[in-house]
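Residue numbers (this note's numbering), protein chains in the order written: chain S, 237 to 466; chain R, 341 to 570.
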Amino acid sequence: MSTEYTAARTSIRTALILTLFASLFTAAMALTYRYTKPAIDTAVAEVKRKLIAEVLAPESYDNALLDDVVTVLAPAELGIDEGSLVYRARKRGEPVALIVEARAPDGYGGGIDLIVAVGADGRLTGVRATAHKETPGLGDYVDPRKDPNKTRPWINQFVGRGLTGSDTSGWKVRKDGGDFDARAGATISARAVIAATARALAWADANQHRLFDAKTGERITAAANAGAKP
Amino acid sequence: MSAFSKDTWINGLWKQNPGLVQLLGLCPILAVSTTMVNAVSLGIATIVVMALANLSVATLRNFIPYEIRIPVFILIIASLVTVVDLLFNAYLHELYLVLGIFIPLIVTNCIVLARIEAFAAKNDPLVSTFDGIAQGVGLLLVLAVLGTMRELIGAGTLFGGIDLIIEGASAIKVLGTDYPGFLIAILPPGAFFALGCLIAAFNWINSRATARKHAAPVTPQAPADAVPES
Chain S
237 MSTEYTAART SIRTALILTL FASLFTAAMA LTYRYTKPAI DTAVAEVKRK LIAEVLAPES
297 YDNALLDDVV TVLAPAELGI DEGSLVYRAR KRGEPVALIV EARAPDGYGG GIDLIVAVGA
357 DGRLTGVRAT AHKETPGLGD YVDPRKDPNK TRPWINQFVG RGLTGSDTSG WKVRKDGGDF
417 DARAGATISA RAVIAATARA LAWADANQHR LFDAKTGERI TAAANAGAKP
Chain R
341 MSAFSKDTWI NGLWKQNPGL VQLLGLCPIL AVSTTMVNAV SLGIATIVVM ALANLSVATL
401 RNFIPYEIRI PVFILIIASL VTVVDLLFNA YLHELYLVLG IFIPLIVTNC IVLARIEAFA
461 AKNDPLVSTF DGIAQGVGLL LVLAVLGTMR ELIGAGTLFG GIDLIIEGAS AIKVLGTDYP
521 GFLIAILPPG AFFALGCLIA AFNWINSRAT ARKHAAPVTP QAPADAVPES
């Protein structure tokens, strides 16, 4: 017999066929990846642009905001272990606002990712929840897309607010003696967002100059700042 | 069996419906059917994957050694899902963000592998493609009905999230703007309740049809292919 189906022969033959299939279909994936890459990049940037437009009016700045970014390595106030991106809005070179990524660690369904836009005057221009696992129809009103109140979404309460010194006593839900409304039966989500926003705001305020002066693309460590938090 | 045979469609849509009879691919069925738009979108993605996977396997079936058919099948499915995933990411980006992990999870949807193993590996490409489409449409219908039920009961709306596909379109508030919502329909247990009701209704219709057939004087025709009757 010329064709012996020995173990070695069979395994080599099978391995070759499997490799052939793997190469063929990997090529198909690689081609699709290359072909769709520009469209995906555009889509991702577009989503980011839309989101930022919700917290900061596009006409208030004139720099390429999405490129004017620094990475801040894990300050405790922002709650993101892998580091936060901070976008810097400027108009004619003058600071307008900082857009800071933050995370509320204590939402009802785990972390709530936020972007917090802090004007150069220390007042919030907007806050948005970008990712969360709050209960649908109950705690998810912190995300204005899910908020049944479309005319006055809950999260718009932050607009125009600032801190007086380091006083965060009003930064609580009304039930706890603060200034913020919260939906009955779902105060945990609101508490988490309010506290995280207050921390991010205080941090951005205290580090404003350092953040605006940093070079584009720079990675800043969180420590070594003067009077960031009491 | 020809490509346009009625049996392919009767099996896919009713007799061997993947969602109601074969009960394969329950993970996406239960997880994504919170709204009709989500459900139908994932259904369409599944149809595309099933049609392409069946077509590829049926075309290559003579080159796939029997012993390693499962790895090759999985390789083919995984590549095609990656391609579909990239295409969704590029051209339907917001929907892609909503469906999230469930597009990649089509790889593990047993119904795809089941149809390849049971059908595409033994039939010619054209028939197999149609079988994939028919089974996919069967799954899509179940997904659509479940999504509609859960969205209507849970949120009181229809077409919620349609703005992810058609810009400017908005959900129809069927049960009025002050409908308080019925949370459990949207949470995972609601998916089981809804699917249970759907299967019960399906079995009820089937048993009535059988009863009527027995009552009728004409002799019932034997089914063309062997289908395990319940």
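Beta carbons: idealized from backbone N, C-alpha and C, even for Gly. Since we're looking at a predicted model, the values are computed, not measured.
(request) Identify the contact partners of I526 (chain R) in chain S, using a Cβ-Cβ distance below 8 Å as the criterion. (result) P372 and G373
(request) Specify, as a first and last residue, the run of the alpha helix (DSSP H) that V352 (chain S) falls within. (result) Unbroken run through V352 (chain S) is the beta strand (DSSP E), G346 to G355; no alpha helix (DSSP H).
(message) Within the continuous beta strand (DSSP E) that includes A366 (chain S), where are the two ends?
(response) Position check: residue 366 (chain S) holds Thr in this sequence, whereas Ala was assumed. Counting along the chain, the beta strand (DSSP E) containing T366 (chain S) begins and ends at L360 to A367.
(message) Quick check on R324 (chain S): buried or exposed, where buried means 16 or more other Cβ atoms within 10 Å of its Cβ?
(response) buried
(request) Using a cut-off of 9 Å between C-beta atoms, extract the partners of A495 (chain R) located in chain S. (result) P372 and G373
(request) Could you spell out the range, first to last residue, of the alpha helix (DSSP H) harbouring P529 (chain R)? (result) P528 to A555
(message) Along the chain, where does the alpha helix (DSSP H) containing R309 (chain S) start, and where does it finish?
(response) Here residue 309 (chain S) turns out to be Leu, not Arg, going by the sequence shown. Not the alpha helix (DSSP H): L309 (chain S) falls in the beta strand (DSSP E), residues V305 to L309.
(message) Just to check my reading of the structure: V453 (chain R) and I417 (chain R) have Cβ atoms closer than 8 Å, yes? What is that Cβ distance to the nearest angstrom?
(response) Contrary to the premise, residue 453 (chain R) reads as Leu rather than Val in this sequence. Contact holds; Cβ gap of about 7 Å.
(message) For A346 (chain S) and I430 (chain S), what's the separation of their Cα atoms in angstroms?
(response) Reading off the sequence shown, one finds Gly at residue 346 (chain S), where the question assumed Ala. Their backbone Cα atoms lie some 15 Å apart in a straight line.
(message) Considering just the uninterrupted stretch of the alpha helix (DSSP H) at D342 (chain S), what are its terminal residues?
(response) Element bounds for D342 (chain S): not the alpha helix (DSSP H) but the beta strand (DSSP E), E330 to G343.
(request) Could you tell me whether any Cβ in chain R is nearer than 8 Å to the Cβ of L287 (chain S)? (result) no
(message) If we require 4 or more residues per run, which alpha helix (DSSP H) segments fall completely within the segment 421-451 of chain R?
(response) 433-439
(message) Is V283 (chain S) close to chain R? Criterion is C-beta to C-beta, closer than 8 Å.
(response) yes
(message) Checking the sheet assignment: what are the DSSP bridge partners for G398 (chain S)?
(response) S:R359
(request) Assign T268 (chain S) to one of three DSSP states: helix, strand, or coil. (result) helix
(request) Put R435 (chain S) into one of helix, strand or coil per three-state DSSP. (result) helix
(request) Report the neighbours of Y431 (chain R) on chain S: residues whose CB is nearer than 7 Å to its CB, in chain order. (result) A275
(request) Could you tell me which residues DSSP puts in a beta bridge with A325 (chain S)? (result) S:A333
(message) Below 8 Å, how does it come out for the segment 521-535 of chain R and the segment 490-497 of chain R: are there three or more Cβ pairs, yes or no?
(response) yes
(message) Can you list, in chain order, the residues of its chain with a C-beta nearer than 8 Å to that of I351 (chain S)? Leave out the 5 residues immediately preceding and following it.
(response) L287, I288, V291, I335, V336, E337, A338, V363, R364 and T366
(request) Assuming V354 (chain S) and S425 (chain S) form a contact by the criterion Cβ under 8 Å, report the distance between their Cβ atoms to the nearest whole angstrom. (result) That pair is no contact at about 22 Å.
(request) Give the interface partners of G521 (chain R) over in chain S, defined as CB-CB distance under 8 Å, in chain order. (result) G373
(request) Rounded to whole angstroms, what's the CA-CA distance from A340 (chain S) to L535 (chain R)? Just pull it up for me. (result) 36 Å
(message) Assuming A275 (chain S) and A430 (chain R) are in contact, meaning their beta carbons sit under 8 Å apart, how far apart are those beta carbons, in whole angstroms?
(response) 4 Å
(request) Return the residue from the list S:G343, S:I391, S:Y241 and S:R381 that minimises the CA-CA distance to A511 (chain R). (result) S:R381
(message) Using CA atoms only, rank isn't needed, just tell me which of S:R285, S:H368, S:G329 and S:A251 is closest to G343 (chain S).
(response) S:H368
(message) Please tell me whether P529 (chain R) has its Cβ less than 8 Å away from any Cβ of chain S.
(response) no
(message) By the 9 Å beta-carbon criterion, what residues does the segment 324-355 of chain S contribute toward chain R?
(response) none
(message) Do L483 (chain R) and S373 (chain R) have their beta-carbon atoms positioned less than 8 Å apart in this structure?
(response) yes
(message) Starting from R490 (chain R), trace the alpha helix (DSSP H) in both directions and tell me its first and last residue.
(response) P465 to A495
(message) So A474 (chain R) and G352 (chain R) are supposed to be a Cβ contact under 8 Å. How far apart are they, rounded?
(response) 3 Å
(message) In whole angstroms, give me the CA-to-CA distance for I384 (chain R) and F428 (chain R).
(response) 11 Å
(message) Less than 8 Å between the beta carbons of L486 (chain R) and L538 (chain R), yes or no?
(response) yes
(request) Report all residues from its chain with a CB closer than 8 Å to the CB of I248 (chain S); omit the five preceding and five following residues, and keep chain order. (result) none
(message) If contact is defined by three or more beta carbon pairs under 8 Å, each pair taking one atom from either stretch, is the segment 408-427 of chain S in contact with the segment 437-449 of chain S?
(response) no
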